[in-house]
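The structure appears below as structure tokens.
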Amino acid sequence: MKSKKGVISVQFNWVFILIAGVLILLFFGSLVLKMRSASDVSIAETIMTNMQTIITGAEVSVRTINPIEIPNTEIKFSCNSMSVGTLSTTITKNKIVFSPTVIKGRKLFAWALDWNSPYHVTNFLYLTTPNIKYVFVNPTGDYATGLYDLLPDEINKMIVDDISGITNTGNYFRLIFFNDPPEVPSALIRVPNNDVSAINVDINFNKITFYKKNGNIFDSVGVSTYLGEPMLLGALFSQDIDDYNCNLKKAFNKLNIVTQIYKKRTEVLAESGCSSYYDQGPFSSIIIYSEEDNININEINRNIETIKKYNKILQSESCPTLY
Amino acid sequence: MKNKKSQIKMFETIAVLIIFFVLIGFGLVFYSRIQGPQFQEKQEENFELKAIQTAQIVSFLPEIQCSSDGIITNDCFDILKIDALNYVNTGEIRDEYYFDTFGYSNISINQIYPPGVNWEIYKRPLTNSKSKSSIQVPISLYNASSREYNFGVLNVDVYR
Amino acid sequence: MLMFTDKMKKNKKSQAEIVGLVIIVLLITIGFLFVVKFVIMKEEPDTKKSFVYSELASNTLNVLLKTTTDCEGSDVTELFQDCAALHPRIFCGGVNSCDKVNEVVEYILNKSLKKWNKQYEFNAYIPGSDEPISYYNNNCDENLDKESSTYYILIFEGRTLHVTLDICG
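Protein chains in written order, with my numbering: chain A, 8 to 330; chain B, 340 to 499; chain C, 842 to 1010.
See the structure below:
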């Protein structure tokens, strides 16, 4: 009888330990899970805040490349928003960020350029990672090589005379062709379609054709346009034509607003009577041709040249300049 | 006698468990007390960062920055451009573009020397706001017609 | 013998309990020290203050020196240069460049930094000379932290005028 009581007591102890142990483990387990999710949110928040600071910084300082160490998390970008995990934030209309859709890895390059037409309109921010390789295929002429030279050395870039010079290095490839329909390099035929993309730049007509890899050929996904080198570089850094076009609209909207200000300023300067070159005409044209559904690069370019010419004359006449 | 001893042992185990959980409870309360203010501090810091960012955006706004042949002068606003911005900053541009850029904030410029003119660049205060962060930045005000530089102050108030 | 062994066992148990107590006390003390270190002694992060102070000194000085005055269309830098020259030539309304530049600088500092309750020290001097050209101090103590900005203005015979603005606090 006594030994039976002992057995029950020992068993009860084990049951007790089991229940208490499970409860304690459950408690700490749930605590750890909650802490982990809270920590993920906190990391995401920190990344977002830092990215916002970087984007704002681009509006302030240009032409310097900033290598930024980032946690090994996915940062998703679109023209209007940025997200890390479950958190997302908007990229406002005044911020123009050309970037791949997903940024992965421990390093991020942020680089900014000013966009002048011919007066300063805005700054473009370019984001990329060392894993993305920009390959300029046979860049003939000063413009194409100048564009290559404009890219900072830190960016993973290379020039090849022919596509046969491209080898599979395990990167994401962005091929840039100039006035030449793109072909898939033989070394990249077996690379997944999403890891290779191309653009073809028509320098004479300011046109960019975007391509997607489809096996051993490139399929055209659309044609867009550009105004100035910084915008063309935007096409290089954009993942797809939709993101590029969205940023293009933002840029032309800003050009429209800034030009309205310059037009009004010219109107006031004209009253001073210092010169007869305070002509609002070119500004009015730029305003018309930078409207969202009426963008005309040739007309804008023509008026930019006129404004530049007038500005030089005003300078020589010692009058206040247009810009 | 042995029964009593077992009972005491059991009470002892339960007491240890209770004390254990009470200590964990204390720890958790303590942790949450620390985390609470830290979260608030972080929010406060982010808000101040936003105010600084807004001040920076205004300071480098191409719409009003001084320029000569396309070359930008820092810490300088062109008076003619400020006037023009006030003319342009209406309707859709004010309500959509600049609201998207500046959010709930007040941005104004006071000319200190020579005294006189004040400009309201953007006004969108938040009614019933919890707090306001203000930043003043000294700036040059350039008059292109007379080619004079005046001393001014850029005032940025950001609400939340 | 049995009683002795029993007593020994009890003694050992008490010793173990004391060791346990000591460990608990030590753990609580370490925890308390952590609290003191991270909660009580933690300095308030002040992003805005550090940004504003570092920008304020250089911005104010840069803008101030560029400002055009109502004295023959000269800017503050030109007035300082004329004031430091061996033979000053700028006079406006019977006031020489030294008085004029002091009047303008004092006015601007009063209407900006002083109005915003900032402690500051403004000093324009030629190294080696006894008297500064311009000196204003608004409660800026030597012991206070300072954000400083200095501009060098070329004057006569290759000498330089040092213009310094310290924002304190």
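Yeah, the Cβ is synthetic: ideal placement off N, Cα and C, and Gly gets one too.
Quantities reported herein were computed from a predicted structural model and do not represent experimental measurements.
Among the residues facing chain B, K41(A) is not included, as its CB has no counterpart in that chain under 8 Å away.
Listed along the chain, the chain C residues whose CB falls inside 7 Å of the CB of D414(B) are N900, N903 and V904.
Secondary structure at D149(A): helix, using DSSP grouped into helix, strand and coil. The secondary-structure analysis by DSSP pairs V167(A) across a beta bridge with V144(A).
Interface residue (Cβ-Cβ distance to chain C less than 8 Å): F359(B) is not classified as such. Straight through space, the alpha carbons of I403(B) and K420(B) are spaced by roughly 5 Å. The three-state reading of DSSP puts F399(B) in coil, since its state is none of H, G, I, E or B.
Between S231(A) and Y251(A), the C-beta spacing is below 8 Å.
Counting along the chain, the unbroken alpha helix (DSSP H) around D439(B) starts and ends at F438 to F441. Under the Cβ criterion of 8 Å, I418(B) is not counted among the residues facing chain C. Residue environment analysis places S406(B) among the buried positions, since at least 16 neighbouring C-beta atoms fall within 10 angstroms of its C-beta.
Going by beta carbons, I173(A) and V142(A) fall inside the 8 Å limit. C-alpha of N145(A) to C-alpha of I224(A): approximately 19 Å in a straight line.
Taking each of S975(C), S891(C), E962(C) and L927(C) in turn and checking the Cα distance to I996(C), the smallest one comes out for L927(C). Contact note: S915(C) does not reach chain B at a C-beta cutoff of 8 Å; the least C-beta distance is about 11 Å. In the pairwise beta carbon analysis, the region 436-455 of chain B is classified as touching the region 100-110 of chain A: at least three pairs are separated by under 8 Å. Y330(A) sits in coil when the DSSP states are folded into three classes, being neither helix nor strand.
Rounded to the nearest angstrom, the gap between the Cα atoms of C253(A) and S297(A) is 14 Å. Here M42(A) is exposed: its Cβ has fewer than 16 other Cβ atoms, across all protein chains shown, within 10 Å. Annotated three-state conformation of L182(A) is strand, per DSSP.
One Cα belongs to C281(A), the other to C326(A), and the distance between them is close to 6 Å. Neighbours of I448(B) in chain C, taken as residues at a C-beta separation under 7 Å, are lacking, since the least C-beta distance is about 12 Å.
Residue pairing for K220(A): DSSP places it in a beta bridge opposite F225(A). An exposed status is given to K344(B), since fewer than 16 other beta-carbon atoms sit within 10 Å of its beta-carbon.
Residue-level contact by beta carbon holds for Q395(B) and chain A, with a gap shorter than 8 Å.
Here DSSP, grouped into helix, strand and coil, assigns K83(A) to strand. Interface residue (Cβ-Cβ distance to chain B less than 8 Å): K316(A) is not classified as such.
Counting along the chain, K462(B) sits inside the beta strand (DSSP E) bounded by residues N457 to K462. Residue-level contact check: E858(C) does not touch chain B, since none of the beta carbons of chain B fall below 8 Å from its beta carbon. In the three-state scheme derived from DSSP, where H, G and I count as helix and E and B as strand, Q246(A) is classed as coil. Contact of S953(C) with chain B by beta-carbon distance below 7 Å involves I451, P477 and V492. Residues of chain B with a Cβ closer than 7 Å to the Cβ of Y126(A) are, in chain order, S406 and G409. The beta carbon of E944(C) sits no closer than 8 Å to any beta carbon of chain B. Counting only unbroken stretches of 3 or more residues, the beta strand (DSSP E) elements lying wholly within the region 931-972 of chain C are 960-966, in sequence order. About 6 Å separates the beta carbon of I460(B) from that of S447(B), a gap short enough to meet the 8 Å contact definition. Taking one beta carbon from each stretch, the region 372-379 of chain B and the region 82-94 of chain A have fewer than 3 pairs nearer than 8 Å; the two do not touch.
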